[in-house]
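Enquirer:
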Amino acid sequence: MKPEENKFSDVPLRVKTWIYIIVVFAMGTSHPLAMKIFVSWISFQCFFEFLRLFKINSNHIIPSLFLGAAQFFLLYFFTIEIYFIYSSILSLVVLLYFLILKISLKLLYGIFIALFVCLFAFPHLSFIRDTVSGLNSIIFIVVVTELNDVFQYLMGKFFGKHKITPTISPNKTLEGFIGGVLLTVVLSTILGFYLLKTDIFVNTIIGVILGISGFFGDVFMSYLKRKANIKDTGTLLPGHGGLLDRMDSLIFNAPIFFWILSLIIKS
739 MKPEENKFSD VPLRVKTWIY IIVVFAMGTS HPLAMKIFVS WISFQCFFEF
789 LRLFKINSNH IIPSLFLGAA QFFLLYFFTI EIYFIYSSIL SLVVLLYFLI
839 LKISLKLLYG IFIALFVCLF AFPHLSFIRD TVSGLNSIIF IVVVTELNDV
889 FQYLMGKFFG KHKITPTISP NKTLEGFIGG VLLTVVLSTI LGFYLLKTDI
939 FVNTIIGVIL GISGFFGDVF MSYLKRKANI KDTGTLLPGH GGLLDRMDSL
989 IFNAPIFFWI LSLIIKS
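With the numbering used here, the residue at position 58 of the sequence shown is 796, and numbering never jumps.
(1) Identify the residues that DSSP records as bridge partners of Thr911: which are they?
(2) Go ahead and pull the three-state DSSP assignment for Gly979.
(3) Phe782 and Ser802: beta carbons closer than 7 Å?
(4) Give the single residue among Phe958, Ile947 and Leu974 whose Cα lies nearest to the Cα of Gly848.
(5) Taking Glu884 as the reference, which of Asp983, Leu771 and Leu830 has the closest Cα?
(6) Taking all protein chains shown into account, do 16 or more other C-beta atoms lie within 10 angstroms of the C-beta of Phe939, making it buried, or fewer, making it exposed?
(7) Against chain C, does Phe995 count as a neighbour if the rule is that its beta carbon must be under 7 Å from one of theirs?
(8) CA-CA distance, Ala992 and Ile838?
(9) How many angstroms separate the CA atom of Trp756 from the CA atom of Lys965?
Given below as structure tokens:
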């Protein structure tokens, strides 16, 4: 059988895993407290995967558990402004821990990236959940971001001809990127009308921004994996890889959407 005939062979497994993802997502976003626990678990798992990705030669569980537990404490007890102050201190503590272990400056740079993603990017999901339209907003950002990935994946499978990042992520194509962003704009327009109560112009702008920034979040993680010479950051999600492989598009989308949402609420 030719390779072209097998290009959709992984779709059933991906769909099955998506069912589990949706169930966990529904539980994690059901209440603000559950969201804080959910985000802290995401940071624990992703930091663990980052340590594996950068081949940190130390215990992976203990610093990851410490990070996740400390983040929950900060999210639960402090406002967003105070959270960022104390999470900066937490980052220094974690960096000091790895400095004591005498890891190289190159690996320390990798840990800095991991801390930025886990302590500064992903917590915006909790901040979004805490807004006035919290549940609707978190559903919007996650659904639009994740389906943008799906749209770009499927458009690339069907129509992909021209490689867009051949040295970083060879499977990404210009056709997949453009088709995915266009479908994301359509989805954003529909969901924004019902969930955010915003007009078509605002929803279109949001769709374009999230479609593009989601792509770059994906490419950013692909670059790190390429440098580390690994395909996936883990095996937690069959057909998808690790949690980081599934969350990569939210690295930029979560903070960007939170600040867009803040502007919408103020206006």
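In this text, a Cβ means the ideal position worked out from N, Cα and C, and glycines have one as well.
These numbers come from a predicted model, not from an experiment.
Expert: On the basis of the data shown:
(1) Among the bridge pairs identified by DSSP, Thr911 is matched with Lys901.
(2) Of the three classes helix, strand and coil, the one that applies to Gly979 here is strand, per DSSP.
(3) The answer is yes: Cβ separation under 7 Å.
(4) Looking from the CA of Gly848, the closest CA among Phe958, Ile947 and Leu974 belongs to Phe958.
(5) Comparing Cα-Cα distances from Glu884 to each of Asp983, Leu771 and Leu830, the minimum goes to Asp983.
(6) Phe939 should be labelled exposed.
(7) Included in the structure is just one protein chain, with no chain C present.
(8) So the alpha carbons of these two residues sit roughly 33 Å apart.
(9) One C-alpha to the other measures close to 28 Å.
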